[in-house]
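**Student:** All residue numbers for the sequence shown refer to my numbering, where the first residue is 24 and numbers rise by one.
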Amino acid sequence: MWKCLVLCAMLLTGWLNQVPEKSTQNNSSENSKNTTMKVQQILEGFSNPPLELVTETLDLEVEPLRIEVANWDEFPYKPDVSVQIASNENELFLQYKVKEQSVKAEITESNGRVWTDSCVEFFLSPEGNDEYYNLEMNCIGTILLGFRKKGEPSAHATDEQIATIRRISSLGNKPFQEKKGTTEWQITVAIPWEVFFGHDLKPVSGRKMRGNFYKCGDELSVPHFVSWTKIKTEKPSFHQPDFFGGLEFE
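(1) Take SER51 and list the residues in its own chain whose beta-carbon comes closer than 8 Å to its own, dropping the five residues that flank it on each side.
(2) Excluding the five sequence neighbours on either side, which residues of its own chain have a C-beta within less than 6 Å of the C-beta of ASN134, listed in chain order?
(3) Alpha carbon to alpha carbon, how far is LEU147 from PRO259? Give it in angstroms, no decimals.
(4) Out of PRO87, PHE69, GLU217, which has the shortest C-alpha to C-alpha gap to THR181?
(5) Assuming CYS162 and SER125 make a contact with CB atoms under 8 Å, what is their CB distance in whole Å?
(6) Take ASP82 as the anchor and find which of LEU117, ASN71, ASN94 has the nearest alpha-carbon.
(7) Measuring CB to CB, does VAL212 end up less than 7 Å from ARG233?
(8) Short of 6 Å in beta carbon distance, which residues of its chain neighbour GLN63, apart from the five on each side in sequence? Order them along the chain.
(9) I'd like the list of long-range same chain contacts for ILE188, defined as Cβ closer than 8 Å, with 5 residues on each side in sequence excluded.
(10) Going by the beta-carbon positions, is the gap between ILE130 and TRP251 smaller than 7 Å?
(11) Could you spell out where the alpha helix (DSSP H) holding LEU147 opens and where it closes?
(12) Could you tell me the boundaries of the beta strand (DSSP E) in which ASP103 lies?
(13) From TYR155 to LYS202, what distance separates their C-alpha atoms?
(14) Just confirm the distance between the C-beta atoms of PHE261 and GLU144, as a whole number of angstroms; I'd bet it's less than 8 Å.
(15) So, is PHE236 buried or exposed, given that buried needs 16 or more other C-beta atoms within 10 angstroms?
(16) So, using beta-carbon positions, are GLU67 and ASN111 closer together than 7 Å?
(17) Between which residues of its own chain and VAL245 is the CB-CB distance below 6 Å, once the five residues before and five after are set aside?
(18) Alpha carbon to alpha carbon, how far is LEU74 from GLU84?
(19) Give the C-beta separation of PHE98 and PHE248 to the nearest angstrom, bearing in mind that I take them to be a contact with Cβ-Cβ under 8 Å.
(20) Rounded to a whole number of angstroms, what is the C-alpha to C-alpha distance between MET160 and THR139?
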């Protein structure tokens, strides 16, 4: 009988060795979709709270999120960048803190080429699909706000809509050419939910959206393109909703 048991054990071992192991690897898109953060509420009941109060509250209550993925080998430089995000029933709050080896702010017109300056960006897909907003701003607070829908031309917020976005930068709001040398700067932004002109996002509490955070400087002496979640494309491109991470609004 023991010979039979040994034979059965050998057969079972051989069968198990032939069973393929489950793959634990995901592609970059899947990894991004599995990356989720919670967006907490702050300053509930406040309407247009002073930006100084927003800054103080974000620093006290919201953990910074690192933006540190350099996705393309030919652009390895990574500035020291973090973002804090929160919301209330009236506004979305963002605060970026940046330390980089040079800084530039030449663009002053709304919806201009701010990505060529020292620029931070936030892309948001309210429905988690291929429709999304791209909010881009240089280090003196010049803003571009667009909306893209697959198969259709991009649309931009009006100057009047952009004017309702409150912002304050540690570098002021006057343009300047590139200054080389390590520079630290911070920008705090309060964005009315109504500015996202293609959607009704109120109330926001409990919603699940998707998005990504970026830092770039296309025309700085050292161009760079870093993100929160990894992007897998051949060339630098932030307009990749397939690689957005999850945003859960409390």
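Where is the CB? At the ideal position from N, CA and C, for every residue including glycine.
**Tutor:** In brief:
(1) Since pLDDT at SER51 reaches only 44, below the 50 mark, its modelled position is unreliable, and no value is offered.
(2) LEU167, HIS179
(3) 18 Å
(4) Distance from the Cα of THR181 is smallest, within the candidate group PRO87, PHE69, GLU217, for GLU217.
(5) In fact, because the Cβ distance is near 11 Å, the residues do not count as touching under 8 Å.
(6) LEU117
(7) Going by beta carbons, VAL212 and ARG233 fall outside the 7 Å limit.
(8) ALA109, GLU273
(9) ILE166, LEU168, VAL212, ALA213, ILE214, PRO215, VAL218
(10) no
(11) LEU147 -> not in any alpha helix (DSSP H); beta strand (DSSP E) instead, spanning 142-148.
(12) 103-110
(13) 33 Å
(14) 6 Å
(15) buried
(16) The Cβ atoms of GLU67 and ASN111 lie closer than 7 Å to each other.
(17) TYR100
(18) LEU74 and GLU84 have their alpha carbons spaced roughly 15 Å apart.
(19) 5 Å
(20) Approximately 10 Å, taken between the alpha carbons.
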